[in-house]
Amino acid sequence: MNLSTVINFWQDYLKEYTYALAIVLGFYILSRIVSRYILGFLLHLTRKTKTEYDNKLVESFRKPVAWIIICLGLYLAALYLLANPEYKTFASQLFRSAVIVFISHGLYNMVSSTSGLITKIGSVYDLDKMFLALLSKTLRGIIIALSFTVLMNEWGYDITGFIAGLGIGGLAFALAAQDTAANLFGGFVILVEKPFTIGDWIVASDVEGTVEDITFRSTKIRTFAQALVTVPNSVLAKEPITNWTRMGRRRIDFTLGISYSTPKAALERCLEKMRHMLENHPEIHPGTIFVNFEQFGKSSLDIFVYCFTNTTVWSQWLAAREDVLFKIMDILEGEGVRVAFPSRSVYIEDNKALDNKSTTQQIDTAGE
Numbered sequence: 088m089n090l091s092t093v094i095n096f097w098q099d100y101l102k103e104y105t106y107a108l109a110i111v112l113g114f115y116i117l118s119r120i121v122s123r124y125i126l127g128f129l130l131h132l133t134r135k136t137k138t139e140y141d142n143k144l145v146e147s148f149r150k151p152v153a154w155i156i157i158c159l160g161l162y163l164a165a166l167y168l169l170a171n172p173e174y175k176t177f178a179s180q181l182f183r184s185a186v187i188v189f190i191s192h193g194l195y196n197m198v199s200s201t202s203g204l205i206t207k208i209g210s211v212y213d214l215d216k217m218f219l220a221l222l223s224k225t226l227r228g229i230i231i232a233l234s235f236t237v238l239m240n241e242w243g244y245d246i247t248g249f250i251a252g253l254g255i256g257g258l259a260f261a262l263a264a265q266d267t268a269a270n271l272f273g274g275f276v277i278l279v280e281k282p283f284t285i286g287d288w289i290v291a292s293d294v295e296g297t298v299e300d301i302t303f304r305s306t307k308i309r310t311f312a313q314a315l316v317t318v319p320n321s322v323l324a325k326e327p328i329t330n331w332t333r334m335g336r337r338r339i340d341f342t343l344g345i346s347y348s349t350p351k352a353a354l355e356r357c358l359e360k361m362r363h364m365l366e367n368h369p370e371i372h373p374g375t376i377f378v379n380f381e382q383f384g385k386s387s388l389d390i391f392v393y394c395f396t397n398t399t400v401w402s403q404w405l406a407a408r409e410d411v412l413f414k415i416m417d418i419l420e421g422e423g424v425r426v427a428f429p430s431r432s433v434y435i436e437d438n439k440a441l442d443n444k445s446t447t448q449q450i451d452t453a454g455e
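For this note's numbering, count along the sequence shown from 1 and bump the result up by 87.
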């Protein structure tokens, strides 16, 4: 077999296939160049910018763009080889479907929970990580549904009835799972409004304790008795929630009763020294301090004490209050003032008096 025979055989049978293969190889090489050098260079530039989502955008579409270029080469090669118009139409549908799939893949990567776009949204609106994960899954579901719809339309399928059936089925499912839907909506509200987060000390729905976990259906609270209480999110979304962890300051509030035998001057000196002590105490916030003679009690002269500690940590608050009480005791001892005991006066009437006049004997009992 001579060279001319080989050339004639190639021209008669292999020429078109060789050109088609050359087109495919050329676009494959082009895809590698675009992916490795052009998009790689853009990725290098975006990493130097202050924003985080632009480099994630390039990274998300890096592989899909390369595959679209390869599919374009296959499509052009198929158009070159195929003479039948029906086959060309089929090849065009395949190419458009591939483009839809790869674009959807890039969008799917772009809205991942760790992508720069989702992270940027979370930082701007101060959103919880669990809510960002829910947002990412929702966006991915929407992308898949839209891609499926576009693909079905591309191939000539009417999915109107299918969508209507999904709507009716979804309504029936929602009616059958109202409690679950309410809990999911409650979890969405909690994650968006963030009345509390994991580790916070809260009081809600007759439960007090530390939040251990927040899911889309329920919230787990560890009580101070070490019991784990699971509260549905639908209940928490409707109940008032007290978040003690987010207190700016913590209150000290009590009434001190001193003996009725205390002189007025001594009482005034005690009040003044207690105010001075609280105003200069390192653990007491100076903004709100009240020390006042409140009332004449049943068995004591009542002094009202009201102030706030700088700390909100319970153990530190207990230590600060204890120190305040000891200093108040020192002030009272220094002025010779006694703390009053609860007492009751009992009157006994003597009806045997000869002059028919009542005489009264008063007995004071203390400590009852």
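Just so you know, even glycine gets a beta-carbon here, dropped at the ideal spot from N, CA and C.
May I have the straight-line CA-CA distance separating residue i from residue j, to the nearest angstrom?
{"i": "isoleucine 328", "j": "glutamate 381", "result": "33 angstroms"}
{"i": "alanine 107", "j": "leucine 238", "result": "27 angstroms"}
{"i": "alanine 165", "j": "alanine 153", "result": "19 angstroms"}
{"i": "glutamate 370", "j": "methionine 334", "result": "15 angstroms"}
{"i": "serine 179", "j": "glutamate 173", "result": "10 angstroms"}
{"i": "isoleucine 339", "j": "asparagine 320", "result": "33 angstroms"}
{"i": "aspartate 245", "j": "threonine 236", "result": "9 angstroms"}
{"i": "valine 66", "j": "arginine 309", "result": "What the structure shows of the chain is the stretch from 88 to 455, and residue 66 is not part of that stretch, so it cannot be assessed."}
{"i": "asparagine 240", "j": "tyrosine 195", "result": "20 angstroms"}
{"i": "isoleucine 285", "j": "leucine 219", "result": "16 angstroms"}
{"i": "valine 400", "j": "lysine 414", "result": "21 angstroms"}
{"i": "phenylalanine 377", "j": "arginine 362", "result": "7 angstroms"}
{"i": "leucine 412", "j": "aspartate 293", "result": "31 angstroms"}
{"i": "lysine 307", "j": "glycine 296", "result": "10 angstroms"}
{"i": "leucine 101", "j": "phenylalanine 114", "result": "20 angstroms"}
{"i": "proline 373", "j": "alanine 312", "result": "35 angstroms"}
Buried or exposed: residue i, going by 16 or more other Cβ atoms within 10 Å of its Cβ?
{"i": "tyrosine 162", "result": "buried"}
{"i": "isoleucine 116", "result": "exposed"}
{"i": "threonine 446", "result": "In this prediction, threonine 446 scores a pLDDT of 46, lower than 50, which makes its location untrustworthy; the coordinate-derived value is nonetheless stated afterwards. With fewer than 16 other Cβ atoms within 10 Å, it is exposed."}
{"i": "tryptophan 288", "result": "buried"}
{"i": "methionine 416", "result": "exposed"}
{"i": "asparagine 379", "result": "exposed"}
{"i": "serine 147", "result": "buried"}
{"i": "alanine 291", "result": "buried"}
{"i": "glycine 423", "result": "exposed"}
{"i": "leucine 233", "result": "exposed"}
{"i": "asparagine 171", "result": "exposed"}
{"i": "arginine 461", "result": "For the chain, the structure presents residues 88 to 455; residue 461 sits outside this window and is missing."}
{"i": "arginine 123", "result": "exposed"}
{"i": "tryptophan 242", "result": "exposed"}
{"i": "glycine 32", "result": "Residue 32 lies beyond the residue range present for the chain, which begins at 88 and ends at 455; the question has no answer from this structure."}
{"i": "isoleucine 231", "result": "exposed"}
Do residue j and residue i count as a contact pair if the criterion is CB distance below 8 angstroms?
{"i": "leucine 226", "j": "valine 198", "result": "yes"}
{"i": "methionine 364", "j": "isoleucine 435", "result": "no"}
{"i": "phenylalanine 283", "j": "asparagine 330", "result": "yes"}
Indicate whether at least one CB of chain C lies closer than 8 angstroms to the CB of residue i.
{"i": "threonine 398", "result": "This model lacks chain C altogether; it includes just one protein chain."}
Assess, as a yes-or-no matter, whether the region 340-351 is touched by the region 314-329 under the definition of 3 or more beta carbon pairs within less than 8 angstroms. Result no; under three Cβ-Cβ pairs closer than 8 angstroms.
The region 270-288 touching the region 301-312, judged by at least three CB pairs closer than 8 angstroms: Touching, yes.
Stretch-stretch touch, CB-based, cutoff 8 angstroms, three pairs: the region 181-193 with the region 145-152: The answer is yes - the region 145-152 touches the region 181-193, with three or more Cβ pairs under 8 angstroms.
For the region 384-402 against the region 311-320, do three or more pairs of beta-carbon atoms, one drawn from each stretch, fall closer than 8 angstroms, so that the two count as touching? When Cβ pairs closer than 8 angstroms are counted between the two stretches, the region 384-402 is seen not to touch the region 311-320, the count staying below three.
Runs of 3 residues minimum, wholly inside the region 359-433: which ones carry the beta strand (DSSP E) assignment? With a minimum length of 3 residues, the continuous beta strand (DSSP E) runs that stay inside the region 359-433 are 371-383 and 388-396.
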